[in-house]
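Worksheet: the structure to be examined is printed underneath.
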Amino acid sequence: MNEASGRAEDRADGGRALTAAAFIPGLAHLRRGRRRAGLSLLGLALAMLAVLAFSFDRVASTFTAGRVDYWVAMLTLAGTLAAAWGVSLRAEWGRPRQRAEGTSQWAIAWREFNRNRVAVLGLFLMCGLYLATLLAPYLTSYEPNAIGDIAATRHLPPSLDHLMGTDKFGRDVFTRVLYGARISLSIGFVAVSISVTLGTVVGAVSGYFGGAVDTVLMRFVDMLISFPRLVLLITVIALFEPSIFTVIVVLGLTLWPATARIVRGEVLSLREREFVEAARALGLASPRIIFRHIVPNVLGPVIVAATLGLGNIILIEAGLSFLGLSVQPPTPSWGNIIDGGREYLVQAWWVSTFPGLAIVVTVVAFNLIGDGLRDALDPRLRI
Amino acid sequence: MSAPLLRVENLRTYFHTAEGVVRAVDGVSFTLGPGETLGIVGESGCGKTVACLSILRLIDPPGRIEPDSRISLRDRDLTAASEGEMRSVRGNEISMIFQEPMTSLNPVWTIGDQIAEALRTHRSARPAEARRRAAEMLRLVGIPNPEQRLDEYPHQFSGGMRQRAMIAMALACDPSVLIADEPTTALDVTIQAEILDLLARLQEQLGMGLIFVSHDLGIIAQIADRVIVMYAGQVVESGTADELFGRPRHPYSEGLLRATPRVGRRMRRLSVIPGSVASPKRWPPGCRFHPRCPYAWSRCREDVPPLPGEARASRCWLEEEPARRTGGWDELALAEDH
Numbered sequence: 352m353n354e355a356s357g358r359a360e361d362r363a364d365g366g367r368a369l370t371a372a373a374f375i376p377g378l379a380h381l382r383r384g385r386r387r388a389g390l391s392l393l394g395l396a397l398a399m400l401a402v403l404a405f406s407f408d409r410v411a412s413t414f415t416a417g418r419v420d421y422w423v424a425m426l427t428l429a430g431t432l433a434a435a436w437g438v439s440l441r442a443e444w445g446r447p448r449q450r451a452e453g454t455s456q457w458a459i460a461w462r463e464f465n466r467n468r469v470a471v472l473g474l475f476l477m478c479g480l481y482l483a484t485l486l487a488p489y490l491t492s493y494e495p496n497a498i499g500d501i502a503a504t505r506h507l508p509p510s511l512d513h514l515m516g517t518d519k520f521g522r523d524v525f526t527r528v529l530y531g532a533r534i535s536l537s538i539g540f541v542a543v544s545i546s547v548t549l550g551t552v553v554g555a556v557s558g559y560f561g562g563a564v565d566t567v568l569m570r571f572v573d574m575l576i577s578f579p580r581l582v583l584l585i586t587v588i589a590l591f592e593p594s595i596f597t598v599i600v601v602l603g604l605t606l607w608p609a610t611a612r613i614v615r616g617e618v619l620s621l622r623e624r625e626f627v628e629a630a631r632a633l634g635l636a637s638p639r640i641i642f643r644h645i646v647p648n649v650l651g652p653v654i655v656a657a658t659l660g661l662g663n664i665i666l667i668e669a670g671l672s673f674l675g676l677s678v679q680p681p682t683p684s685w686g687n688i689i690d691g692g693r694e695y696l697v698q699a700w701w702v703s704t705f706p707g708l709a710i711v712v713t714v715v716a717f718n719l720i721g722d723g724l725r726d727a728l729d730p731r732l733r734i
Numbered sequence: 006m007s008a009p010l011l012r013v014e015n016l017r018t019y020f021h022t023a024e025g026v027v028r029a030v031d032g033v034s035f036t037l038g039p040g041e042t043l044g045i046v047g048e049s050g051c052g053k054t055v056a057c058l059s060i061l062r063l064i065d066p067p068g069r070i071e072p073d074s075r076i077s078l079r080d081r082d083l084t085a086a087s088e089g090e091m092r093s094v095r096g097n098e099i100s101m102i103f104q105e106p107m108t109s110l111n112p113v114w115t116i117g118d119q120i121a122e123a124l125r126t127h128r129s130a131r132p133a134e135a136r137r138r139a140a141e142m143l144r145l146v147g148i149p150n151p152e153q154r155l156d157e158y159p160h161q162f163s164g165g166m167r168q169r170a171m172i173a174m175a176l177a178c179d180p181s182v183l184i185a186d187e188p189t190t191a192l193d194v195t196i197q198a199e200i201l202d203l204l205a206r207l208q209e210q211l212g213m214g215l216i217f218v219s220h221d222l223g224i225i226a227q228i229a230d231r232v233i234v235m236y237a238g239q240v241v242e243s244g245t246a247d248e249l250f251g252r253p254r255h256p257y258s259e260g261l262l263r264a265t266p267r268v269g270r271r272m273r274r275l276s277v278i279p280g281s282v283a284s285p286k287r288w289p290p291g292c293r294f295h296p297r298c299p300y301a302w303s304r305c306r307e308d309v310p311p312l313p314g315e316a317r318a319s320r321c322w323l324e325e326e327p328a329r330r331t332g333g334w335d336e337l338a339l340a341e342d343h
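Protein chains in written order, with our numbering: chain D, 352 to 734; chain S, 6 to 343.
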C-alpha cells in the first residue's frame, strides 16, 4: 500500500520515468496486482514477437509479395504489438484510474463476465483464433491451394514440416485449416450480423406496435420457422450458384426469425415499463423510442443469441460444405476439407480430424462465451 | 380567476374491447388556470390515470377518446391536433410525471442524457447546451453536485432522487402544465413531504398549472387549491380544497374523508366504504355510487343525478332532497358492529 502511494507521488513529480515496465508490456499491470491482464498482455506481445522471429523472411517479403493478405497480417502484427504496449504504457504513465469501478450496465456486465473463468477462456480461444486467421500468411510457409509433386507429398502424416499432415493432393492441412478458418469465421460473422440486425428490427417493431403489424410479421416468422431449415437452405442454394456470397445471404436471411422472436418477447414486456410511457409523455417519436430506449435494453439477450448463433452458423456452414453446397474447392473451408478427407479416413485420418477439431474448439468457445454473457447480462441478477 | 390554461370538457375515454365497451372516463370536465393546483382524488380504478393520459392523448387502442370530448390548451383543441402536433405538446407544453420513479427512468442511459433528450427533441439544443441546462435543472430540483450526478445511472439514485430527476426531465422545457400522477405514492413519508414541497415551490417559481392526482386525501389537502373527486369515471364533487375537506357534500367524499386516518386522533376503528368500485364495463344504473351509499333510496337506483355547475357541485340527489341526509355512515358503522 505504501509502495503504491510512493509510486503515485513519483509520477506526480517525475512524470514519465523510463522504468522497466514502460518497455515490457504487461509488467505495469502485474505490478499493480492485475495478474490476468498483465499475463495476457505479456503473452500477446511475446506471441507476436515469436511470429516475427520465426518467420522473419515472410514478414519481410510483405513488401515484395504485393498481396493484400500479407499487408493485413502485417497490420495485425504491428497493431497488436502497439496496442499491447500502449495499454501497458497507459497503466504505467497514465493517471491512476479515476473511475476504478465503471457504473454503466456494460461496465457491470464486463466485471461479471470477467469473474467467469470458463467464459474468459472461451474469449481467449476466440481472440486467438481470429488473430491466427489474420496472421495466416506468416504462420505457414505453404500456400493453401498450391499443388506440388503429388506423388511425393500425398497423404504425409503429421510431422514438424506438416503439423497436420497433407491431403490427397499433397497440400498442407494446417495451412488449409488456417485459411479455411477465414472463410468459416467470416461467413459466421457476416451472417450473424445480418440476421441479428434484421431480427432486432423486425422483433422490436412487431413488439412495440403490436396489433396488425405484429400479427403479420409474426405469422411470417412462424412460416419461416416451420420450414425444415436444411431443406430450405438446400433449395435456395440449388437455385443460385453455391458461393460464399450466396451462403452468407441465405444463412443471414433464414436465421433471423429466432432473434426476432426473442426481441419481440423482450419488447412486449419493456413496452409496459414506465420509462417507455415516460418517453412518450416527453414527446419522443416512435422510432426514437424504439431504437434509443427499447433496443438498448434488449441488447443483452440479443448479444447472447448472436454469440450462440455464431457457433451454430459455423456448424451449419460446415454441414453445407460437407454436402458440397457451400464454398467450392479448391477454396478451403472447414466443411469441405473434412469432405475431401472422407474417402481416405482409414489411410489418412488427419485430413478430416484436424478441421473437425477446429470446428469443435470454435463452437465450444462461442458457446462458452455465450453462456458467460448470458449470466453477465441477465437483468434478473440486478435491479 | 384568470383565463383557463387547460380546459377539459365532457372527456369520455372508452376502451372498445371484445368483451364490451369499458367506459373508463365518462364525461369529465374541469379547468386549470395558470399557477393553479387542481387535485384529483379517487379510489384505484376510478379513471384518474386514464383521464391524465387522455389529456396527452397517450391512449392506445382499443382505447379511444370519444368524438364529442374537448381538451383545449389555451385556445388550441388538442383532440383535433395531429400526432405530430401532439408530440410537440408532450414534454414541451404539457409534461407528466409518473408514480414509479424506480421504473420511469431508462436503466441504460445516464440521468443527464435523459434530461437532455427532451431539450434536444423540442428545442433542438446542441449537446453542450442541453447538458448545461440539464445540470441547471438538477440543481433546481435540489440535487447536490449536479455536474457529477449528470453522468450517473438511474440505479445510482435513490427513489426520492429519481423522482427529482423525473421532475427535472418533465420541467426541462418549461411546460405550462404539469400532470403529476401519484408522484409520491411509492416514496417514504419523509421523502413524500420533500417532493411535495419541491413541487409547490417549483410551481410558484415557474407559474405553471399543476394537476395533482392522488388517492391520498392528506396530500391533496396540503397541495391543492381546487379539488375534484372522481368516482366510476365521473366527477362526483368539485370545490376548493377548504370547501371540500371542511364540508363534503357527496356521500362518497364523506366516506373517503372518514376512511382517512389522522395523526393525533385515536379512533376505535377506521371506517371503510363497503364494497369496491364496480366494473367499468357495467356501471350500475342511476347513481353509480348507489350500491355503496348509506343514503341511497329508490330514486338513486333509477335516475342519474346531474353535476350542476363546475366550481362547487355535487353529483347527488341529496342536493335536491337534503332532508334525506340522516343516519348515513355512522349508522352503517353501528350496524356493522352488531
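Beta carbons are placed, not taken as given, at the ideal position from N, Cα and C, and that holds for glycine.
Check, Outcome
"Just reading off the beta strand (DSSP E) that S:Met-171 is part of, what are its end residues?", "Looking at the DSSP string, S:Met-171 is not in any beta strand (DSSP E); the run it does join, the alpha helix (DSSP H), is 164-176."
"Checking the sheet assignment: what are the DSSP bridge partners for S:Ser-243?", "S:Ile-233, S:Ala-318"
"If we ignore side chains and look at the alpha-carbon of each, how far apart do D:Glu-443 and D:Ala-379 end up?", "5 Å"
"Thinking C-beta only, is D:Pro-680 closer than 8 Å to D:Val-528?", "no"
"Applying the criterion that 16 or more other CB atoms from any shown protein chain within 10 Å of the CB defines a buried residue, is D:Trp-607 buried or exposed?", "buried"
"Between S:Glu-157 and S:Ile-196, which are expected to be in contact by the criterion C-beta below 8 Å, what is the C-beta distance as a whole number of angstroms?", "About 18 Å; that fails the 8 Å criterion."
"Would a check of beta-carbon distances place S:Pro-66 closer than 8 Å to chain D?", "yes"
"I think S:His-255 touches S:Val-277, with their Cβ atoms under 8 Å apart; what is that distance to the nearest whole Å?", "The Cβ separation is near 17 Å, so there is no contact."
"Is there a Cβ of chain D sitting closer than 8 Å to that of S:Arg-92, yes or no?", "yes"
"I want to know whether the segment 492-512 of chain D touches the segment 25-35 of chain S - three or more CB-CB distances under 8 Å.", "no"
"Any idea if D:Phe-578 is buried or exposed, counting beta-carbon neighbours within 10 angstroms, 16 or more meaning buried?", "exposed"
"Consult DSSP for S:Ala-19 and reduce its assignment to one of helix, strand or coil.", "Correcting the residue type first, residue 19 of chain S is Tyr in the shown sequence and not Ala. DSSP places S:Tyr-19 in strand when its eight states are reduced to three."
"With S:Val-26 and S:Tyr-19 assumed to form a contact (beta carbons below 8 Å), what rounded beta-carbon distance in angstroms separates them?", "5 Å"
"Does the segment 567-583 of chain D come close enough to the segment 514-521 of chain D to have 3 or more Cβ pairs within less than 8 Å?", "no"
"Is any beta-carbon of chain D found at less than 8 Å from that of S:Leu-11?", "no"
"Under 8 Å by Cβ, that's how I've got D:Tyr-481 and D:Leu-536 pegged, so tell me the actual separation to the nearest angstrom.", "7 Å"
"Within the chosen definition, does the segment 166-179 of chain S reach the segment 101-108 of chain S through at least 3 CB pairs nearer than 8 Å?", "yes"
"Please name the residues in the segment 623-644 of chain D whose beta-carbon is closer than 9 Å to at least one beta-carbon of chain S, in chain order.", "Arg-624, Glu-625, Phe-626, Val-627, Glu-628, Ala-629, Ala-630, Arg-631, Ala-632, Leu-633, Gly-634, Leu-635, Ala-636, Arg-639, Arg-643, His-644"
"Is DSSP giving D:Ser-544 helix, strand or coil here?", "helix"
"Just list the residues that DSSP pairs S:Glu-14 with in beta bridges.", "S:Arg-75"
"At a CB-CB cut-off below 7 Å, which residues of chain S make contact with D:Ser-455?", "Tyr-158"
"Which term fits S:Thr-331, buried or exposed, when burial requires 16 or more other beta carbons within 10 angstroms of its beta carbon?", "exposed"
"Between S:Glu-71 and S:Arg-167, what straight-line distance do the alpha-carbon atoms span, to the nearest angstrom?", "35 Å"
"Could you check if S:Leu-145 is buried or exposed, using at least 16 other CB atoms within 10 Å of its CB as the buried criterion?", "buried"
"Counting only beta-carbon atoms, is S:Arg-95 nearer than 8 Å to chain D?", "yes"
"How far does the beta strand (DSSP E) with D:Ile-588 in it extend, from its first residue to its last?", "That residue, D:Ile-588, is in no beta strand (DSSP E); its alpha helix (DSSP H) goes 580-590."
"By the criterion of Cβ-Cβ separation under 8 Å, what are the contact partners of D:Gly-562 in chain S?", "Pro-66"
"Measure how close the beta-carbons of D:Ile-538 and D:Val-598 come, nearest whole angstrom, since I'm counting them as under 8 Å.", "6 Å"
"Against chain S, with Cβ distances strictly below 8 Å, would D:Pro-652 count as a contact?", "no"
"Run through chain D and tell me which residues come within less than 7 Å of S:Phe-103, C-beta to C-beta.", "Glu-625, Glu-628, Ala-629"
"Hey, how far is the Cα of S:Glu-152 from the Cα of D:Val-438?", "29 Å"
"Within this structure, are the beta carbons of S:Tyr-236 and S:Cys-51 separated by less than 8 Å?", "yes"
"By the three-class DSSP mapping on this structure, what secondary structure does S:Leu-312 have?", "coil"
"Please report the straight-line C-alpha distance between S:Ala-191 and S:Ile-224, rounded to a whole angstrom.", "13 Å"
"Let me make sure I understand the geometry here. Which of D:Arg-631, D:Asn-648, D:Phe-525, D:Phe-673 has the alpha-carbon closest to that of S:Glu-88?", "D:Arg-631"
"Taking S:Ile-148 as part of the beta strand (DSSP E), name the residues at either end of that continuous run.", "No beta strand (DSSP E) holds S:Ile-148; DSSP gives it neither H nor E."
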